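Top line first, the protein sequences correspond to chains A and B. Residue numbers for the first sequence follow the working numbering, so the first one is 1 and each next one is one higher. Residue numbers for the second sequence follow the working numbering, so the first one is 1001 and each next one is one higher. Working notes for the structure below.
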Amino acid sequence: MEPIISLKNVHKNYGEKQVLTGIDLTIYPGQVIGYIGPNGAGKSTTVKILCGLISDFEGEVMVNGMDIRTNALAIKQKIGYIPELAELYDVLTPIEFLTFMADLYGIDLNIAQERMTKMLSAFGLENSMYQRMDTFSKGMRQKVLIISGLLHNPDIIILDEPLSGLDANSVIIVKELISKLAKEGKTIFYSSHMMDVVEKVSDRIVLINNGKVIADGSFEELKQQLGDQSLEKIFSQLTHTEGSGNESDRMMDAFN
Amino acid sequence: MNILDKFLLMLILLPSRFYETMGVDTKQLKAILVAKLTIGNRTPSGFRGFKSAKAAKPSKFQSVGKAIAAIFMGFLFVFALFIGVDYVTKLTFYFSFYIFFLASMLVADFTTVLFDVRDNAIILPKPVNDRTFVMARLLHIILFVAKVVIPLTLISNIWIAYVTGFWGLLVFIALIVLATLFTIFLINAVYILVLKITTPQRFKNIISYFQIVFAITIYGAYQLIPRLVDTSFVTQLSLADSYWAMLAPPYWFGGAWEYLHLLNGNIKFLFCLLLAVTIPFISIYVVIKFFAPSFNQKLAMIGNTAEDVPVLKTHKSAKANKKTYSEWLSRLLVKPGAERMAFLHTWKMTARSRDFKMVIYPSLGYLLVYAVLIFMRKGNSANESFFPDPNSFIYIFIVYICNFVLITVLSQLKVSDQYKAAWIYYAAPIEKPGSIILGAVKSILAKFYLPVAFVLTGSAYLFLGTSALPNFILGICNQLLIILIITYISFHSLPFSVPAAQKGKGSNFIKSLFSMLIPITIALLHYAIRTYWPIVLLLTLLSGIAIWMMLDSIKNKEWSSIK
């Protein structure tokens, strides 16, 4: 099978600071990738490269058989990007914002109108459709963002911490949604540091640290390689520089 | 979208075919512009005054409101047309005002409206090509500027047409367009310069200082210009024969108009015309060609702080032990515990919070304008010594006018963007919230009033002698008393615990009017008794006792009085 996303030896630095130091990754259609790593490991930078937001990297990135440097537009059409932190124009109403998104993707307005109404209702936002989003909670904004990423029915869905601020019920909806989208053959790239969700939704986990892939495989495979333990334990085992468990002891010592 | 926007949008999208040949997706272009205009209409701008910027619920008619405000501002420019004897002079002043005003206004709004950093996360991941994006930005700038410039120049256009006829108006409009281009270049130059010498993070701070200076200048201009126009010096002024004036860009536009309108064959004005036409285009070209690429990237970084790793500053341990001025003061003025905590916290917050400065600095500036006005009036009436006798109303006035600033500071003391952080007051075991309020109020008094009081009494002693002191001291005591009374009556929140949006609600207008009336009344009473020394001394004593009692009452405020 042809890979849908492939990164070869991708490097990226901001000035002196090396963020990505040679990422190699091949992703096949229908996979749900859990992309995890500690803060500053390079998760967001990878996501931004995949979405065509950063073009001054070294190495090769192919999406759907096309080079992202030369075919950025065609690739962007296939990708649905759901950014972290509720980045949206919050003085618009959800309908206005989503109509704007639909226009940018060139979706027929009638189709878009119907889709966004259905999606907003599914998330329980039917009563707030015509309200400006500046009054919305973080979770409500995040829901609108999720819809804006799915509206054009993309083949690849890239999520960057999509669950931040969502309430428990919405988290369940999003988790189920992810597995249903995967069943439809869509590829999902899920970047997060919430281990419990990643463990449940993804069928392949990619762990990066200091700009490099340090573990790659299904949760079962990782457990076989590193001992039968939770993803959290595996994570801290692989990314920790000092012996873990020490910090909490030192905290307690401060009282004495 | 209102009619004005729809009309302008239709106009600007007329050459759609032409845009398409450049590789622009006109459907996306329209979508972006519609979204941007809608956002622009709903975003409060720096133009409407800083205090209301956050509080005002952006209304449907905001665009119309802005236009009316701009027409009103434009009215001021007409005064420029009365300066000097000839049109070169008149228009030089006109274009000076115009360029200054437009530049300040655009600086206030440009970054937030036009270089919205959210674009990076929202529009760039979408299949929008670069040309469409750049074109959308360019057209948005044109629309944005047009919406300001058209109403701003409306009255002057009518006036010019009335006085000089159709041809004069036509030339004038063409020059306005050129001057606008030139102003856009100026702003870009300022931005580039600022970004060169500072980090994008501090850029926002610098922009807010621009806004403050802008607000003060506009206020000052409104107060001063109409007064200046009357003087004979101003009406007799002529720059027509000055060669030095060539160095000032507004002069080019004035000279160009003179040349084209009167077809005045003066070689100097021909040269002005050349400069007025070529310089704007050359400078815009330079900006687009050489500066814009890196400029946009840098601007994008303003919002991109998440990528930045915080720079760790290594503090020397010696420095940590050193007492700062505020700590030293706190030892003198407040009791340890909650009061001291509030004192130091307020001291730091007022020094570091941008919102706080945005409200306070303009009111300090207005005070400065008043001071200038007072001395101007003095300058006009000849045969008086520079320092009138110590019992003049002016001194009482000077002492009491500081109160307005203090009242503004006090009203801002409750407000913070991070109002939620005030949970700490509720979580901590504090018996009476009065001690926190007292500490905070003492802090602003010590910070904003103590230096003023010293300077006032010091200069009164130096310039007027000891006889002036009792009145000054009574005035200062009364200041403190007034602030404490207002605090006691109207301060029902903990410091920095109210969101800015809530401040402007309800009966606040009446309240602030009332707050202003107190110092005015007391000032008048003080003026009436100023020459009766025993009464002044007695009142000073009473004022002192009252201060002491108020301090105690504020300190004993209960939790039940906190809203």
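Every residue, glycine too, gets a C-beta built ideally from N, C-alpha and C. All values reported here derive from a predicted model rather than from experimental measurement.
Closest Cα partner of residue i within the set the options
i, options, result
"Q1479/B", "L1456/B, P1336/B, R1017/B", "L1456/B"
"A1421/B", "M1349/B, T1026/B, L1551/B", "M1349/B"
"I1437/B", "L1106/B, E1339/B, I1122/B", "E1339/B"
"S1283/B", "L1445/B, L1178/B, K1090/B, V1399/B", "L1178/B"
"I1123/B", "I1032/B, A1468/B, I1394/B, L1014/B", "I1032/B"
"S1560/B", "P1433/B, D1130/B, L1541/B, K1447/B", "P1433/B"
"A182/A", "V201/A, A41/A, T135/A", "V201/A"
"Y1098/B", "L1329/B, A1221/B, V1498/B", "A1221/B"
"A1342/B", "Q1412/B, A1248/B, F1496/B", "F1496/B"
"R258/A", "K138/A, G139/A, V144/A", "Since the displayed chain A opens at 1 and closes at 256, residue 258/A lies outside it and no answer follows."
"F1007/B", "K1147/B, D1025/B, G1084/B", "K1147/B"
"F1072/B", "L1152/B, Y1087/B, Y1325/B", "L1152/B"
"S1330/B", "S1443/B, M1358/B, I1150/B", "S1443/B"
"I1562/B", "H1261/B, S1435/B, Q1223/B", "S1435/B"
"M1516/B", "R1137/B, I1547/B, Y1400/B, S1553/B", "Y1400/B"
"G37/A", "K138/A, S170/A, I234/A", "I234/A"
"Y1285/B", "A1351/B, F1182/B, A1161/B", "F1182/B"
"K1027/B", "Y89/A, A102/A, L20/A", "A102/A"
"T45/A", "G227/A, N209/A, G217/A", "N209/A"
"V1145/B", "I1482/B, V1107/B, V1334/B, W1347/B", "V1107/B"
"V1128/B", "M140/A, D108/A, I75/A", "I75/A"
Segment limits, alpha helix (DSSP H) that includes residue i
i, result
"I147/A", "138 to 150"
"Y35/A", "Unbroken run through Y35/A is the beta strand (DSSP E), 32 to 36; no alpha helix (DSSP H)."
"D167/A", "First-last for D167/A: undefined, no H or E at that position."
"E1327/B", "1325 to 1333"
"N1556/B", "No alpha helix (DSSP H) holds N1556/B; DSSP gives it neither H nor E."
"N1041/B", "1026 to 1042"
"S1435/B", "1434 to 1444"
Contacts around residue i, its chain only, beta-carbon distance under 6 Å, and the 5 residues preceding and following it disregarded
i, result
"R1048/B", "Note that R1048/B scores a pLDDT of 42, beneath 50, so its modelled location is shaky; the value from the coordinates is reported in the next line. None."
"E247/A", "none"
"C1402/B", "V1452"
"L1273/B", "A1256, Y1259"
"S1104/B", "F1214"
"A72/A", "G52"
"D1308/B", "Bear in mind that a pLDDT of 46 at D1308/B, under 50, signals an unreliable position, so the model cannot answer this."
"I149/A", "Rather than Ile, the amino acid found at residue 149/A in this sequence is Gly. Contacts found: G80, Y81, I82."
"Y1087/B", "E1258"
Segment limits, beta strand (DSSP E) that includes residue i
i, result
"Q224/A", "No beta strand (DSSP E) contains Q224/A, which is instead part of the alpha helix (DSSP H) from 219 to 226."
"F189/A", "187 to 191"
"L25/A", "17 to 27"
"E257/A", "As shown, chain A starts at 1 and ends at 256. That puts residue 257/A outside it, with no answer to give."
"R204/A", "204 to 209"
Neighbourhood of residue i by C-beta, 7 Å cutoff - its chain only, sequence neighbours within 5 removed
i, result
"G185/A", "P29, G30"
"M251/A", "none"
"T21/A", "H11, N210, G211, K212"
"E16/A", "none"
Contact test: residue i Cβ vs the ligand MN heavy atom, cutoff 7 Å
i, result
"A41/A", "Ligands in the displayed structure: none, and consequently the ligand MN is not present."
Proximal residues to residue i (C-beta, below 8 Å), its chain only, five neighbours per side dropped
i, result
"Y105/A", "Q77, L151, H152"
"L1270/B", "Y1259"
"L1009/B", "M1001, K1030, L1033, V1034, L1037, L1143"
Check your understanding: Mind pulling the alpha helix (DSSP H) runs of 4 or more residues that sit fully within the stretch 102 to 132 of chain A?
Key -> 109 to 122
Check your understanding: Along the chain, which unbroken stretches of the alpha helix (DSSP H) at least 4 residues long are found entirely within the stretch 1149 to 1215 of chain B?
Key -> none
**Study point:** Completely contained alpha helix (DSSP H) runs for the stretch 1062 to 1135 of chain B, where each covers 4 or more residues
**Key:** 1062 to 1080, 1087 to 1109, 1118 to 1122
Practice item. Return the residues of the stretch 1118 to 1148 of chain B that lie within a Cβ-Cβ distance of less than 8 Å from chain A, sorted by chain order. Key: R1118, N1120, A1121, I1122, I1123, L1124, P1125, K1126, P1127, V1128, N1129
Review point. Which residues, taken in chain order from the stretch 1014 to 1032 of chain B, show a beta carbon closer than 7 Å to some beta carbon of chain A?
Key: K1027, Q1028, A1031
Exercise for review: Mind checking the stretch 99 to 114 of chain A against chain B and listing, in chain order, the residues whose C-beta falls within less than 9 Å of any C-beta there?
Suggested key: The residues in question are T99, F100, M101, A102, D103, L104, Y105, G106.
**Study point:** Chain-ordered residues of the stretch 40 to 64 of chain A with a beta carbon less than 9 Å from chain B
**Key:** G40, S44, T45, K48, C51, G52, L53
Exercise for review: Please specify which runs of the beta strand (DSSP E), each continuous and at least 3 residues long, are wholly inside the stretch 1453 to 1478 of chain B, giving them in chain order.
Suggested key: none
Review point. Name the residues in the stretch 144 to 160 of chain A whose C-beta lies less than 7 Å from a C-beta of chain B; which are they?
Key: Using a CB distance below 7 Å, no part of the stretch 144 to 160 of chain A faces chain B.
Review point. When you check each C-beta in the stretch 209 to 227 of chain A against every C-beta of chain B, which residues fall closer than 9 Å?
Key: none
**Study point:** the stretch 1401 to 1416 of chain B: positions lying closer than 7 Å to chain A by Cβ
**Key:** Of all residues in the stretch 1401 to 1416 of chain B, none is placed with a Cβ closer than 7 Å to any Cβ belonging to chain A.
Practice item. With 7 Å as the C-beta to C-beta threshold (strictly closer), list the residues of the stretch 81 to 96 of chain A near chain B in chain order. Key: Y81, P83, E87, L88, Y89, V91, L92, E96
Review point. When you check each C-beta in the stretch 1193 to 1213 of chain B against every C-beta of chain A, which residues fall closer than 8 Å?
Key: none
Practice item. List in chain order: all unbroken beta strand (DSSP E) runs of 3+ residues lying wholly within the stretch 62 to 94 of chain A. Key: 79 to 82
Review point. Which of the residues in the stretch 116 to 148 of chain A, read from start to end, lie with their CB under 8 Å from any CB of chain B?
Key: R132
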